[in-house]
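Let me begin by presenting the structure, written as structure tokens, before commenting on it.
Protein chains: 2
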Amino acid sequence: MSVDNLKLYESSGSPNSRRVRIFLAEKGICVARVPVDLGVKEQFSDAYARINPRRVVPTLVLEDGTAIGEVPAIFRYLEEAYPNTPLLGTTAKDKALVVMWERRMELEGFAAVMETVRNKVPGLKGRAIAGAHDYDQIPAIVDRGRQRILDFYADLEARLATEPFVAGDRFSAADITALVTIDFATRALELGIPDGNDATRLWYDKVAARSSAAA
Amino acid sequence: MSVDNLKLYESSGSPNSRRVRIFLAEKGICVARVPVDLGVKEQFSDAYARINPRRVVPTLVLEDGTAIGEVPAIFRYLEEAYPNTPLLGTTAKDKALVVMWERRMELEGFAAVMETVRNKVPGLKGRAIAGAHDYDQIPAIVDRGRQRILDFYADLEARLATEPFVAGDRFSAADITALVTIDFATRALELGIPDGNDATRLWYDKVAARSSAAA
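The structure is reproduced here in structure tokens:
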């Protein structure tokens, strides 16, 4: 379904943008995409700061000009506006469990990868935290980050040893965030799924084979 | 309204527990509270780890035994199950905006206060990140944290200079998280609202005067 009243400001190389692209693909929704060129720091332009004062991608802009930043907020808008193929749960209990698991994937996985990369890569000097303000890199966070990612993998393996998907019986936004986290850790830090984490590997192969994963 | 099929595991001194207590008070819901004594590290007991493997409070336990951790997940359950007095928005757009603003208050405010405290306080040595795993303190995070909190206050002032509440026209969960953040920063780090932040002060006095703030 093509939706002509939404615009997604995003970048092809941005893992947070990919979370939203996969979510849209699962729902079968096409929206207009406006590329923001992170390579030339377009996210810091005055034009983009007016859309998203945190100067990060992605941002979803509604027909009335309302700009929605933050991936879980974009997920929420899309789920409410396009409830078919639910990705955030259907009952009160399931909705809460998806929030909980998606958040754990993000705070313990995605954010750990992100802070490791941001505190390590020379090109991100002075930009150790995404957002409106500049912060210096802290090298000790890089060492800690690698340990956090290993701990994330261990916890994910324990979870997937007993459940087919991260939030339980059904594919949800929690799987999207976990998949993007693993691909990001593999690409940026060469920290892929550890050998022996068989439940995670089985789940990964299943989720990465969905057509949405190409988004 | 007294609800007899929910149990909230929480601690009186825990800022995350307070976020949920205020949310419940705004909705006029009373649930059974089970105190978890952080002073004797009861959150690390085997009994509590079975309820919440991240070993943090609060946790909301449903009648069927389902345990919901993470404050935004508990908010979501309560809003879905008890929709009166909405605190997470009513339209698709408002729901997304509340997620966005509540999250900004948490990631830029609450989390900055929390990481500063956890990396500073001697009693939290080896526990610099809440959760199932132990991480050493990193002193450089404390200095950065104080700057992050000042940046949070500046951004909040800019927002409240044009809007009556954090997420816009109406009181929401975003105000709850902002209020708890400020009280936490004031109590734990003596970093209260800076002089001259008049819009924030006006908003604070209004929100702190609500009966829910005593929760």
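Top line first, the protein sequences correspond to chains A and B. Counting along the first sequence from 1, when you hit position 159 you're at 159 in our numbering, and nothing is skipped either side. Counting along the second sequence from 1, when you hit position 10 you're at 10 in our numbering, and nothing is skipped either side. Ideal Cβ placement from N, Cα and C applies to all residues, glycine included.
Taking a C-beta cut-off of 7 Å against chain B, the contacting residues of the stretch 46–68 of chain A are Leu62, Thr66 and Ile68, listed in chain order.
Sequence-distant partners of Glu115(A) (beyond 5 residues in either direction) whose C-beta falls short of 6 Å from its own C-beta, in its chain, are Ile141 and Gly145.
Within the same chain, Cβ atoms closer than 8 Å to the Cβ of Val56(A) are found at Asn16, Gln43, Gly69, Ala130 and Gly131, the five residues on either side in sequence being excluded.
DSSP places Pro35(B) inside the beta strand (DSSP E), whose first and last residues are Cys30 to Pro35. The contact set of Asp151(B) on chain A, defined by CB atoms closer than 7 Å, consists of His133 in chain order. Taking 4 residues as the minimum length, the alpha helix (DSSP H) runs contained wholly in the stretch 67–121 of chain A are 71–81, 92–104 and 111–118, in order along the chain. Taking all protein chains shown into account, Ala96(B) has 16 or more neighbouring C-beta atoms within 10 Å of its C-beta and is therefore buried. When Cβ-Cβ separations below 8 Å define contact, Ala178(A) makes no contact with chain B.
Using a Cβ distance threshold of 8 Å, Ala174(A) and Ala25(A) do not count as a contacting pair. Membership of Glu157(A) in the alpha helix (DSSP H) is indicated by the continuous run Pro139 to Leu160. When DSSP states are grouped into helix, strand and coil, Asn16(A) belongs to the helix group. Following the DSSP letters along the chain, one finds Lys206(B) in no beta strand (DSSP E) but inside the alpha helix (DSSP H) bounded by residues Asp198 to Ala208. Looking at the DSSP output, Ser2(A) shares a beta bridge with Cys30(A).
Short of 7 Å from the beta carbon of Phe152(A), and not among the five residues preceding or following it, lie these beta carbons of its own chain, in chain order: Glu108, Gly109 and Ala112.
At a cut-off of 8 Å between beta carbons, Lys93(B) contacts chain A. Here the stretch 192–204 of chain A lies against the stretch 155–170 of chain A, with 3 or more beta-carbon pairs under 8 Å apart.
Taking 8 Å as the cut-off, the Cβ atoms of Ala73(A) and Arg103(B) count as close.
Taking the Cα of Thr66(A) as reference, the smallest distance to any Cα among Val61(B), Gln147(B), Ala92(B) and Ser45(B) is reached at Ala92(B). Across the structure, His133(B) and Leu189(B) are spaced so that their CA atoms are roughly 25 Å apart. Within a 10 Å sphere around the beta-carbon of Glu63(B) sit fewer than 16 other beta-carbons, which makes this residue exposed. If you ignore the 5 residues before and after Phe165(B), its C-beta comes within less than 6 Å of the C-beta of Phe171 and Asp175, all in its own chain and listed in chain order.
Spatial neighbours of Thr85(A) in its own chain (CB-CB distance under 8 Å, excluding positions within 5 residues in sequence) are listed in chain order as Glu26, Lys27 and Gly28. The contact set of Met100(B) on chain A, defined by CB atoms closer than 8 Å, consists of Ile68, Gly69, Glu70 and Ala73 in chain order.
Under the Cβ distance rule, Ile29(A) does not count among the residues neighbouring chain B, no pair being separated by less than 8 Å. The residue among Gln137(A), Leu150(A) and Tyr48(A) with its C-alpha nearest the C-alpha of Thr181(A) is Leu150(A). For the pair Tyr9(B) and Ile51(B), the CB atoms are nearer than the 8 Å cut-off. Just so you know, the alpha carbons of Val3(B) and Val3(A) end up roughly 42 Å apart.
Under the criterion of beta carbons closer than 8 Å, Leu6(A) and Val34(A) do not qualify as touching, at roughly 11 Å. Sorting Asp37(B), Thr177(B), Phe184(B) and Leu202(B) by C-alpha distance to the C-alpha of Trp101(B) places Thr177(B) at the top. Distances from the CA of Leu60(B) to each of Asp183(B), Asp143(B) and Ser11(B) were compared; the closest alpha carbon is that of Ser11(B). By the neighbour-count definition (other C-beta atoms within 10 Å, threshold 16), Gly89(A) is a buried residue.
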